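Student: Sending over a structure as structure tokens; questions will come in a sec.
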Amino acid sequence: MEAEKHTVSYTSVNSYVSLNRLSPDTKYVWIAFHGMGHLSRYFLKYFEGLDPKLHYLLAPQAPSKYYLDAQFKHVGASWLTREDTAREMDNILYYLDALMADVSFPPEAQRIIFGYSQGVSIALRWVVKRKVRCDHLILYAGGIPEELLPSEVAHLREQTRIRILVGDRDEYISPERWEKEKEKIKNLFEGKAEVDVFEGKHEIKKEIINTLL
Numbered sequence: 055m056e057a058e059k060h061t062v063s064y065t066s067v068n069s070y071v072s073l074n075r076l077s078p079d080t081k082y083v084w085i086a087f088h089g090m091g092h093l094s095r096y097f098l099k100y101f102e103g104l105d106p107k108l109h110y111l112l113a114p115q116a117p118s119k120y121y122l123d124a125q126f127k128h129v130g131a132s133w134l135t136r137e138d139t140a141r142e143m144d145n146i147l148y149y150l151d152a153l154m155a156d157v158s159f160p161p162e163a164q165r166i167i168f169g170y171s172q173g174v175s176i177a178l179r180w181v182v183k184r185k186v187r188c189d190h191l192i193l194y195a196g197g198i199p200e201e202l203l204p205s206e207v208a209h210l211r212e213q214t215r216i217r218i219l220v221g222d223r224d225e226y227i228s229p230e231r232w233e234k235e236k237e238k239i240k241n242l243f244e245g246k247a248e249v250d251v252f253e254g255k256h257e258i259k260k261e262i263i264n265t266l267l
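Structure representation (structure tokens):
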């Protein structure tokens, strides 16, 4: 007899991290999605070079934590795996709904959605499924989800500056994969995305972050 799978619904609690303070001087609000193996509180250190008077940052926390080393010392987190991807994404969306309801953003501030590595797929799925509007969408060293359609990002092509960054020696993006990614970028954003290839590997660089806006 085969094992039978069941599901239950329950209440869960997750954290998020902020950097700097919201004030009348806040000009940019970032929602920054970290990559696999990161924790949000450490991820925001890459953004510490931004002017704290002008930039306010939120970093959602991926829910699945695990030990990164055999000594069980360092902890990282993952957003999704191939197991129950659609259901797990729904759980993340409910979490992001609660996060966004927890913060009052200045209406005049520009909104930046930033995804790094695995966070790219989460950021894109979120803006698609919740029709999130933003002034800047920055996708850094990550892959475009296969299932997304051009019609689903029409609201982004209308008013959002879309930037895609990748290192020329990114060990996770082979030349063959990059050709496929460029084709997905072209089809999804219909020429509206700016693609920048920087010198480097699969890494997030403060000097790049500091010059994005």
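Per our numbering, the very first residue in the sequence shown carries number 55; after that it's consecutive. All residues carry an ideal CB built from backbone N, CA and C; glycine is no exception. The structure presented is a predicted model; accordingly, all values stated were derived computationally and were not measured.
1) Quick one: give me the first and last residue of the beta strand (DSSP E) that D250 is part of.
2) Does the contact criterion of 3 or more C-beta pairs under 8 Å hold for the segment 223-233 versus the segment 199-207?
3) Residues in its own chain within less than 6 Å of R223 by CB, not counting five upstream and five downstream?
4) Just the C-alpha distance for F87 and C188, rounded to the nearest angstrom, thanks.
5) DSSP beta-bridge partners for W84?
6) Considering G130, what are the terminal residues of the beta strand (DSSP E) in which it resides?
7) Quick one: grab the DSSP three-state call for G197.
8) Would you report the Cα separation of S69 and Q125, rounded to the nearest angstrom?
9) By alpha-carbon positions, which one of H209, G91, R211 and G197 ends up nearest to L219?
10) Using the beta-carbon count (16 or more within 10 Å), is R179 buried or exposed?
11) Report the CB separation of A177 from L193 in whole angstroms; it is logged as a contact under 8 Å.
12) Taking Y82 as the reference, which of L191, L210, I166 and E253 has the closest Cα?
13) Taking the beta strand (DSSP E) that V71 falls in, what are its first and last residues?
14) Measure the C-alpha to C-alpha separation of S182 and H209 and round it to an integer number of angstroms.
15) Could you tell me the alpha carbon to alpha carbon distance between E212 and E201, rounded to whole angstroms?
16) Using a Cβ-Cβ cutoff of less than 6 Å, which residues in the same chain neighbour K119 once the five nearest sequence positions on both sides are dropped?
17) Would you tell me roughly how many angstroms separate the C-alpha atoms of P161 and K240, rounded to the nearest one?
18) Alpha carbon to alpha carbon, how far is K127 from G245? Give it in angstroms, no decimals.
19) Hey, is the segment 131-151 in contact with the segment 99-108, meaning 3+ C-beta pairs nearer than 8 Å?
20) Enumerate in chain order the residues of its own chain whose CB-to-CB distance from F147 is below 7 Å, with the five nearest sequence positions on each side excluded.
21) Could you give the C-beta distance for S175 and G89, rounded to a whole number, given that I count them as a contact under 8 Å?
Tutor: The short version:
1) A247 to F252
2) no
3) K255
4) 15 Å
5) L111 and I166
6) V129 to S132
7) coil
8) 25 Å
9) G197
10) buried
11) 7 Å
12) I166
13) Y70 to L73
14) Correcting the residue identity first, residue 182 is Val in this sequence and not Ser. Taking the straight line from one Cα to the other gives about 9 Å.
15) 21 Å
16) V129 and A131
17) 32 Å
18) 45 Å
19) no
20) Sequence inspection shows Leu at residue 147; the Phe mentioned does not correspond to that position. Closer than 7 Å at Cβ, skipping near neighbours: W180, K183 and R184.
21) S175 to G89, Cβ: 10 Å. No contact.
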